[in-house]
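**Student:** Just so we're on the same page, this note's numbering is the position in the sequence shown counted from 1, plus 165.
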Amino acid sequence: MDLDFLKFHGSAMKIAEAELSASFFEDEKQVLGKKMYEEYVASGAPKDLKKWLRIKLKSVFQYVDSPPKWVENGLDPLWPFLDGFPMIFIKQFELPDNEFCAQSLSAGTILYVFGARRKTSHGFEMIYRVVEQDTGF
Numbered sequence: 166m167d168l169d170f171l172k173f174h175g176s177a178m179k180i181a182e183a184e185l186s187a188s189f190f191e192d193e194k195q196v197l198g199k200k201m202y203e204e205y206v207a208s209g210a211p212k213d214l215k216k217w218l219r220i221k222l223k224s225v226f227q228y229v230d231s232p233p234k235w236v237e238n239g240l241d242p243l244w245p246f247l248d249g250f251p252m253i254f255i256k257q258f259e260l261p262d263n264e265f266c267a268q269s270l271s272a273g274t275i276l277y278v279f280g281a282r283r284k285t286s287h288g289f290e291m292i293y294r295v296v297e298q299d300t301g302f
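Structure, rendered in structure tokens:
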């Protein structure tokens, strides 16, 4: 593994987490990290790496209105990926703390909804993923 890539990827992970509440956790084969590094090198490896990463990461980790606000402290954000790329954050909401949710679901749980289009022979299909966090964690 290239040392320059490792430094680049480490910087990307830090900025994504600190500024966008995002993570590369699901980029298991480093598809996104490698693609971004190739783009960085192809653009002449600008000296201000952090500035370049901030611009790039904002275009990669997209959200409808605002980034997620993760409630489980001490854990890395779990931003889902689809086919090697981050899904779009849609919304988060809390299940009400009422009798129905307490008996049938998980009252007080925060659900984070992500979505992405996957190309098909007929156009595309929508894929949604939900990440769950517990407010009591």
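From the three backbone atoms N, C-alpha and C, an ideal C-beta is built for every residue, glycine too.
All values reported here derive from a predicted model rather than from experimental measurement.
Please say whether Trp244 and Glu187 have beta carbons closer to each other than 8 Å?
**Tutor:** Taking the sequence shown and counting its residues from 1, the one referred to as residue 187 is at position 22. Taking the sequence shown and counting its residues from 1, the one referred to as residue 244 is at position 79. A small fix is needed here, since residue 187 is Ala in this sequence, not Glu. In contact: Ala187 and Trp244 (Cβ atoms closer than 8 Å).
**Student:** Can we say the segment 173 to 193 touches the segment 243 to 260, given the rule of at least three CB pairs closer than 8 Å?
**Tutor:** Flag = yes, the segment 173 to 193 and the segment 243 to 260 touch.
**Student:** Report the option in Ile180, Gln298 and Lys172 whose CA atom is closest to the CA atom of Val278.
**Tutor:** Here residue 278 is taken as the residue at index 113 of the sequence shown, counted from 1. That would be Gln298, whose Cα lies nearest to the Cα of Val278.
**Student:** Exposed or buried, what is Gly198 when buried is set at 16 or more other beta-carbons lying within 10 Å of its beta-carbon?
**Tutor:** In the sequence shown, counting from the first residue as 1, residue 198 sits at position 33. Gly198 should be labelled buried.
**Student:** Just the C-alpha distance for Asp262 and Leu276, rounded to the nearest angstrom, thanks.
**Tutor:** Against the sequence shown, residue 262 aligns to sequence position 97. Against the sequence shown, residue 276 aligns to sequence position 111. Roughly 14 Å between the two C-alpha positions.
**Student:** In terms of residues, what are the limits of the beta strand (DSSP E) holding Glu259?
**Tutor:** Walking along the sequence shown from the start, residue 259 turns up at place 94. Glu259 -> beta strand (DSSP E) spans Ile253 to Glu259.
**Student:** Could you tell me the distance, in whole angstroms, from the CA atom of Ser269 to the CA atom of Val295?
**Tutor:** Residue mapping note: residue 269 aligns to position 104 of the sequence shown, counting from 1. Residue mapping note: residue 295 aligns to position 130 of the sequence shown, counting from 1. Distance between the alpha carbons of Ser269 and Val295: 18 Å.
**Student:** Helix, strand or coil for Val196, going by three-state DSSP, please let me know.
**Tutor:** For the purposes of this step, residue 196 is identified with residue 31 of the sequence shown, where counting begins at 1. Here Val196 sits in helix by DSSP.
**Student:** Measure the Cβ-Cβ separation of Glu308 and Pro233 and say whether it is below 8 Å.
**Tutor:** The requested residue 308 does not occur in the structure, where the chain is confined to residues 166 to 302.
**Student:** Taking Tyr293 as the reference, give the member of Trp235, Ser271, Ile255 and Tyr202 with the closest Cα.
**Tutor:** Along the sequence shown, one-based indexing puts residue 293 at 128. If we check each option's Cα against that of Tyr293, Ile255 comes out closest.
**Student:** Kindly indicate which residue of Glu259, Leu218 and Val225 has the alpha-carbon position closest to the one of Ser272.
**Tutor:** In the sequence shown, counting from the first residue as 1, residue 272 sits at position 107. In the sequence on display, residue 272 carries Ala and not Ser. Ala272 has its Cα closest to that of Glu259, out of Glu259, Leu218 and Val225.
**Student:** Pull up the CB-CB distance for Thr285 and Val236, whole angstroms please, since I reckon it's below 8 Å.
**Tutor:** Within the sequence shown, numbered from 1, the residue matching residue 285 stands at position 120. Within the sequence shown, numbered from 1, the residue matching residue 236 stands at position 71. Not a contact, Cβ separation roughly 35 Å.
**Student:** Pick out whichever of Ala210, Val229 and Phe246 has its Cα sitting closest to the Cα of Gln257.
**Tutor:** Here residue 257 corresponds to residue number 92 of the sequence shown, with the count starting at 1. It is Val229 whose Cα lies nearest to the Cα of Gln257.
**Student:** Determine whether the beta carbon atoms of Leu222 and Ala177 lie at a separation below 8 Å.
**Tutor:** The residue labelled residue 222 in the question sits at position 57 within the sequence shown. The residue labelled residue 177 in the question sits at position 12 within the sequence shown. It is a contact, given that the beta carbons lie within the stated cut-off.
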